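Below: the structure, in structure tokens.
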Amino acid sequence: MKKLLLSIMLLSAIPLAAQASCETVKADISQKIIKNGVPESGFTLDIVPNDQADASGGQVVGHCENDTQKIIYQRTNGAEDDSTPAPATH
Numbered sequence: 000m001k002k003l004l005l006s007i008m009l010l011s012a013i014p015l016a017a018q019a020s021c022e023t024v025k026a027d028i029s030q031k032i033i034k035n036g037v038p039e040s041g042f043t044l045d046i047v048p049n050d051q052a053d054a055s056g057g058q059v060v061g062h063c064e065n066d067t068q069k070i071i072y073q074r075t076n077g078a079e080d081d082s083t084p085a086p087a088t089h
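Using numbering that gives the first Met the number 0, the letters of the sequence shown correspond one by one to residues 0 to 89.
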């Protein structure tokens, strides 16, 4: 009986651990983007199912949950693009 109860408890914890791993991967990717000079308010990262990744309009930058979820990166309007020079003022 104890083995059965332990097995049930372990199996019920697996979805929680899988979700946490997606959040961990998302947080790691976020930190890398920020370290590359993109302000935190300048992008979003979303976790979406694989079948919705193409329709998201963003760039896939990671995956998690045994490759069943994708992490999508999108720049926001508040982001400054350092590759475009500022207009000249006269």
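For each residue, glycine too, the CB sits at the ideal point set by N, CA and C.
This one's a predicted model, so the numbers in the text were calculated from it and none came from an experiment.
Burial state of residue i (16 or more Cβ within 10 Å)
{"i": "Q51", "result": "exposed"}
{"i": "I70", "result": "buried"}
Residue i and residue j closer than 9 Å at C-beta
{"i": "Q73", "j": "D53", "result": "no"}
Sequence-distant residues of its chain with Cβ nearer than 6 Å to residue i (five each side left out)
{"i": "C63", "result": "S20, C21, V24"}
{"i": "S55", "result": "V47, I71"}
Residues of its chain near residue i, where Cβ-Cβ distance is below 8 Å and the 5 sequence neighbours each way are ignored
{"i": "T75", "result": "S40, G41, F42, T43"}
{"i": "I28", "result": "L44, V60, G61, I70, Y72"}
{"i": "Q58", "result": "I71, Y72, Q73"}
Opening and closing residue of the beta strand (DSSP E) in which residue i lies
{"i": "Q58", "result": "58–63"}
{"i": "P48", "result": "42–48"}
{"i": "Q73", "result": "68–74"}
Nearest neighbour of residue i, chosen from the options [CA to CA]
{"i": "T67", "options": "V60, N49, N35", "result": "N49"}
Contacting residues, own chain, Cβ-Cβ under 7 Å from residue i (five flanking each side not counted)
{"i": "I33", "result": "E39"}
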